[in-house]
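Those protein sequence lines, which keep their order, are chains U and S.
Read in order, the letters of the first sequence correspond to residues 174 to 286 in the working numbering.
Read in order, the letters of the second sequence correspond to residues -16 to 99 in the working numbering.
Glycine is no exception: its CB is placed at the ideal position from the N, C-alpha and C atoms.
Beneath this line is the structure, given in structure tokens, with notes to follow.
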Amino acid sequence: QKEVEQDPGPLSVPEGAIVSLNCTYSNSAFQYFMWYRQYSRKGPELLMYTYSSGNKEDGRFTAQVDKSSKYISLFIRDSQPSDSATYLCAMSVQSGGYQKVTFGTGTKLQVIP
Amino acid sequence: SQTIHQWPATLVQPVGSPLSLECTVEGTSNPNLYWYRQAAGRGLQLLFYSVGIGQISSEVPQNLSASRPQDRQFILSSKKLLLSDSGFYLCAWRDETGGSQYSPLHFGNGTRLTVT
């Protein structure tokens, strides 16, 4: 079983829709939870990160963490064609003196105008 | 503000040739530096990380090596490339100034390497 599971998609939605992206994980020691956006042929760009269970909002983006269920989500409101990208979840834990980060394989999102 | 530069953006090399990819970070001191490889459908694989000049840790046995000759410079090398070394290589950094504030990873724009 992978430490982090993420549906690869692709997920196709109409412009203006609410998008829900999800990851599950098995390692209860994970402390920090991140979401990255990656456009084609570019490096991942940090969108949000959070530590505790609950919601964190930043503009049209909301990150949700449920540690009891080992489940994290990213919601995108009023989705735009410019949101079309691959979204990577990531989780980190202190290990051997450094922060070990484990990534999901990414969900490809397409927002149709 | 901090920026990270990676070059070249694309590279095509024959099997058996050497490799040198360079990454530099600006606007911060003593960052932790990382090399990842990204393969389609397999996520990001950590190859090397460095907590300081000359300090390199290898996560996965590879045909690759890394060096950190200066505080903000990280180099990925190979003496003889294999076909299996093809992929998208990403350099990343994070602050490690201590304290309780978490510092996430920040990535460069990557090098797409094709070994022919």
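Report the neighbours of residue i on chain S: residues whose CB is nearer than 7 Å to its CB, in chain order.
| i | result |
| --- | --- |
| U:K243 | Per Cβ cutoff of 7 Å: no residues; U:K243 is ~18 Å from chain S at best. |
Would residue i pass as an interface residue toward chain S - the criterion being a Cβ-Cβ separation below 8 Å?
| i | result |
| --- | --- |
| U:Y205 | yes |
| U:Y224 | yes |
| U:F276 | yes |
| U:Y260 | no |
| U:K240 | no |
| U:Y198 | no |
| U:P181 | yes |
Can you tell me whether residue i sits near the ligand MN, meaning its C-beta is under 7 Å from at least one heavy atom of the ligand?
| i | result |
| --- | --- |
| U:I245 | Inclusion of the ligand MN in the displayed structure is not the case, the ligand content being empty and no account of it being possible. |
Residue i: which of the options sits nearest, CA to CA?
| i | options | result |
| --- | --- | --- |
| S:T94 | U:T275, U:K215 and U:F203 | U:K215 |
| S:T97 | S:G(-1), S:T7, S:Y85 and S:P14 | S:G(-1) |
| S:N15 | U:R210, U:M221 and U:Y271 | U:Y271 |
| U:A263 | U:V192, U:F203 and U:R250 | U:F203 |
| S:S86 | U:G227, U:M221 and U:R250 | U:M221 |
| S:T99 | S:L30, S:V43, S:S48 and S:V(-5) | S:V(-5) |
| S:W18 | S:G10, S:H(-12), S:G24 and S:K62 | S:H(-12) |
| S:R25 | U:V284, U:I249 and U:F276 | U:F276 |
| S:G35 | S:W(-10), S:Q21, S:L66 and S:P52 | S:P52 |
| U:Y224 | U:I285, U:V266, U:V284 and U:K175 | U:V266 |
| U:S242 | U:P217, U:Y209, U:D231 and U:S226 | U:S226 |
| S:Q45 | S:I39, S:G37, S:D68 and S:Q56 | S:D68 |
| S:T(-14) | S:P(-3), S:S12 and S:P1 | S:S12 |
| U:K229 | U:P217, U:I249 and U:R210 | U:I249 |
Quick check on residue i - is its C-beta less than 8 Å from some C-beta in chain U?
| i | result |
| --- | --- |
| S:P87 | yes |
| S:N13 | no |
| S:L27 | yes |
| S:R20 | no |
| S:V34 | yes |
| S:G70 | no |
Can you list the residues of chain U that residue i reaches, using a CB-CB cut of under 9 Å?
| i | result |
| --- | --- |
| S:L73 | G216 and P217 |
For residue i, return the contacting residues in chain U, with the cut-off set at a CB-CB distance below 7 Å.
| i | result |
| --- | --- |
| S:F90 | G216 and P217 |
Starting from residue i, find everything on chain S with Cβ-Cβ shorter than 8 Å and list it in chain order.
| i | result |
| --- | --- |
| U:G232 | The contacting residues do not exist; U:G232 stays about 18 Å from chain S at best. |
| U:G279 | G26 |
Chain C partners of residue i, CB-CB under 8 Å?
| i | result |
| --- | --- |
| S:G93 | In the structure shown, chain C does not exist; the protein chains are U and S. |
Is the segment 60 to 76 of chain S in contact with the segment 249 to 258 of chain U, if contact means three or more CB pairs nearer than 8 Å? The segment 60 to 76 of chain S is not in contact with the segment 249 to 258 of chain U.
Please specify which runs of the beta strand (DSSP E), each continuous and at least 3 residues long, are wholly inside the segment 219 to 256 of chain U, giving them in chain order. Within the segment 219 to 256 of chain U, the complete beta strand (DSSP E) runs of at least 3 residues are 227 to 231, 234 to 239 and 244 to 249.
Is there contact between the segment 177 to 193 of chain U and the segment 267 to 282 of chain U, where contact requires at least three CB pairs shorter than 8 Å? At 8 Å Cβ cutoff, the stretches touch.
Pairing CB atoms from the segment 235 to 243 of chain U with CB atoms from the segment -8 to 7 of chain S, are three or more of them under 8 Å? No, they do not touch.
3 or more residues per run - each beta strand (DSSP E) lying fully within the segment 32 to 84 of chain S: Runs found: 38 to 41, 48 to 53, 56 to 61 and 70 to 77.
With a floor of 3 residues, list each beta strand (DSSP E) that falls wholly inside the segment -15 to 21 of chain S, ordered by position along the chain. Counting only unbroken stretches of 3 or more residues, the beta strand (DSSP E) elements lying wholly within the segment -15 to 21 of chain S are -14 to -10, -7 to -4 and 2 to 9, in sequence order.
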